[in-house]
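S.K.: Got a structure for you, written out below as structure tokens; questions coming shortly.
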Amino acid sequence: MLYVKIWTVGVLFYLNVINNVCNADTTFNYNSNPSVALLQRYIQINTTTYNDLGPAVKFWNVLAAAQGVKLKKYVFKKKMPVLVLKWPGTDPSLPSIMLNSHVDVVPASEQDGWLYPPFSGQISEDGKIYGRGTQDMKSVSIQYYEALKRLKEKNISLLRTVYMTLMPDEELGAEAGMLSFLQSDAFKAMNVGFELDEGGALDMPVIPVFYQDKVAWQIRVDCHGVAGHGSSFQPTNATATGKCHNVVTNMFAFRDQQYPIYTKAPINDAGVYSSVNLNIVSVSFFFQ
Ligand SMILES: *[C@@H]1O[C@H](CO)[C@@H](O)[C@H](O)[C@H]1NC(C)=O
Ligand SMILES: *[C@@H]1O[C@H](CO)[C@@H](O)[C@H](O)[C@H]1NC(C)=O
Ligand SMILES: *[C@@H]1O[C@H](CO)[C@@H](O)[C@H](O)[C@H]1NC(C)=O
Ligand SMILES: [Zn+2]
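Shown next, in the form of structure tokens:
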């Protein structure tokens, strides 16, 4: 029961922000909206993992100060700051709510065919924001912030303390960030009862809250086959490519069986299907 109740608060945070963006589809002036401008400024900070995150720390320091909330910085590994903004609740004895996001983004190069530079935060004519990390996951950080800011502006005090946590290295496996933070006394002292984290970016007027996580299973299959002259004729199942064909055929048969389950599944149930994708095919030649 406890969790259901807090979960509802989480949903409301999201809806608050998102409604303001989507209600105004026809009349909304993206270019003069301060929340959108804030997101653009955040995107413009190049937080590619391993970059100096100093400018991002400064960005959050200014925002915390503007709201009169405390920002703490923990550094478990050099150049990898973990930031925690604390929005105190009226009953600090209750377990708190943690709203997590990560600061870092995966690399982007202008040579990769971006319509606009990847750290521009440019808004196109049709209202799309371009920039590395816009979905993953700077927009979420700004949503958390804007929601908490609006509660404060409306003089709404929450019972529970809300922490906004910002991690430095999610894209690298989170060792210096979340993994170290979870083992720290600072985290224990937060007495977290509920956490919201990264979800999927969806083109919808609401943001669903997912309560399942899928586990990644990466499989590499090496197929070896008979050697011989390029013109020799071997049974398909004896050749490397024939074996690969078999693996791929079976994988796609499984995929085609799962895909219809996925299309019929409600948006909030990622548990009923298994997704599978063939990401890399490479051919090597060995002569023995
Ligand atoms: C962003 O930072 C990365 C890593 O330091 C760098 O390789 C890249 O050139 C930077 N991108 C821009 C547009 O400055
Ligand atoms: C919030 O409280 C402040 C200080 O008491 C007051 O000036 C302000 O009008 C209140 N805002 C709202 C939206 O109630
Ligand atoms: C491989 O293919 C040959 C020719 O079709 C067949 O005789 C043989 O039984 C197959 N071997 C296996 C292991 O499937
Ligand atoms: Zn992410």
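Under mature numbering (1 follows the signal peptide of the UniProt record, and there is no 0), the residues of the sequence shown are numbered -24 to -1, 1 to 264, in order. Glycine residues also receive a C-beta, built at the ideal position from the N, C-alpha and C atoms. All of these numbers come straight from a predicted model, not from anything done at the bench.
Below 8 Å, how does it come out for the stretch 81 to 96 and the stretch 167 to 180: are there three or more Cβ pairs, yes or no?
M.R.: The stretch 81 to 96 is not in contact with the stretch 167 to 180.
S.K.: Residue range of the beta strand (DSSP E) that Thr141 falls in?
M.R.: Run containing Thr141: 138 to 143, per the beta strand (DSSP E) assignment.
S.K.: Going by the CB atoms, is the gap between Leu29 and Val82 shorter than 9 Å?
M.R.: No, the pair does not count as a contact, with Cβ atoms beyond the cut-off.
S.K.: Within 10 angstroms of the Cβ of Arg136, are there 16 or more other Cβ atoms? Answer buried if so, exposed if not.
M.R.: The residue in question, Arg136, is buried, as its Cβ has 16 or more Cβ neighbours within 10 Å.
S.K.: Please state if the CB of Ser77 and the CB of Met140 are separated by a distance shorter than 9 Å.
M.R.: In this structure, Ser77 lies closer than 9 Å to Met140 by Cβ.
S.K.: Assuming Ala241 and Phe186 make a contact with CB atoms under 8 Å, what is their CB distance in whole Å?
M.R.: Ala241 to Phe186, Cβ: 12 Å. No contact.
S.K.: How many whole angstroms separate the CB atoms of Val45 and Pro144, which I take to be in contact at a CB cut-off of 8 Å?
M.R.: That belief does not hold up - the Cβ atoms of Val45 and Pro144 are roughly 20 Å apart, past 8 Å.
S.K.: Let me confirm a value: Ser258 is counted as buried when at least 16 other C-beta atoms fall within 10 Å, else exposed. Which label applies?
M.R.: Exposed, by the Cβ-count rule.
S.K.: Compute the minimum distance between the beta carbon of Lys130 and the heavy atoms of ligand 2, and state whether it is under 8 Å.
M.R.: Under cutoff, so the answer is yes.
S.K.: How close, in whole Å, do the beta carbons of Ile183 and Val138 come, if the pair is a contact with beta carbons under 8 Å?
M.R.: That pair is no contact at about 17 Å.
S.K.: Cβ atoms of Tyr238 and Phe157: under 9 Å apart, would you say?
M.R.: It is not a contact, given that the beta carbons lie outside the stated cut-off.
S.K.: Opposite Thr110 in the DSSP bridges: which residues?
M.R.: BP columns for Thr110 are empty, so no partner.
S.K.: Where do the ends of the beta strand (DSSP E) carrying Asn76 lie?
M.R.: Taken as a continuous stretch (DSSP letters only), the beta strand (DSSP E) holding Asn76 covers 72 to 78.
S.K.: Under 8 Å: does the beta carbon of Glu86 sit that close to some heavy atom of ligand 1?
M.R.: Because some heavy atom of ligand 1 lies under 8 Å away, the Cβ of Glu86 counts as near it: yes.
S.K.: Between which two residues does the alpha helix (DSSP H) harbouring Leu124 extend?
M.R.: From DSSP, the alpha helix (DSSP H) with Leu124 extends over 115 to 129.
S.K.: Between His221 and ligand 4, is the CB less than 8 Å from at least one heavy atom?
M.R.: No, ligand 4 has no heavy atom inside 8 Å of this Cβ.
S.K.: Where Asn(-2) and Ala41 are concerned, what is the direct C-alpha to C-alpha distance, given to the nearest angstrom?
M.R.: With a pLDDT of only 37 at Asn(-2), under the threshold of 50, the placement of this residue in the model should not be trusted; the figure read from the coordinates follows. Each residue's Cα considered, the two are about 30 Å apart.
S.K.: Please classify Lys104: does DSSP put it in a helix, a strand, or coil?
M.R.: Of the three classes helix, strand and coil, the one that applies to Lys104 here is coil, per DSSP.
S.K.: Excluding the five sequence neighbours on either side, which residues of its own chain have a C-beta within less than 6 Å of the C-beta of Ser133, listed in chain order?
M.R.: If we look at Ser133 and ignore the five residues flanking it on each side, its Cβ neighbours are Thr66.
S.K.: With distances taken from CA atoms, which of Leu15, Tyr6, Lys62 is nearest Asn167?
M.R.: Among Leu15, Tyr6, Lys62, the Cα nearest to that of Asn167 is on Lys62.
S.K.: Checking 9 Å against the spacing of the C-beta atoms, do Gln210 and Val202 come in under that value?
M.R.: In this structure, Val202 lies closer than 9 Å to Gln210 by Cβ.
S.K.: My assumption, with CB atoms under 8 Å, is that residue 267 sits in contact with Ser11. Please give the rounded CB distance.
M.R.: No answer is possible for residue 267: it lies beyond the span of the chain, which begins at -24 and ends at 264.
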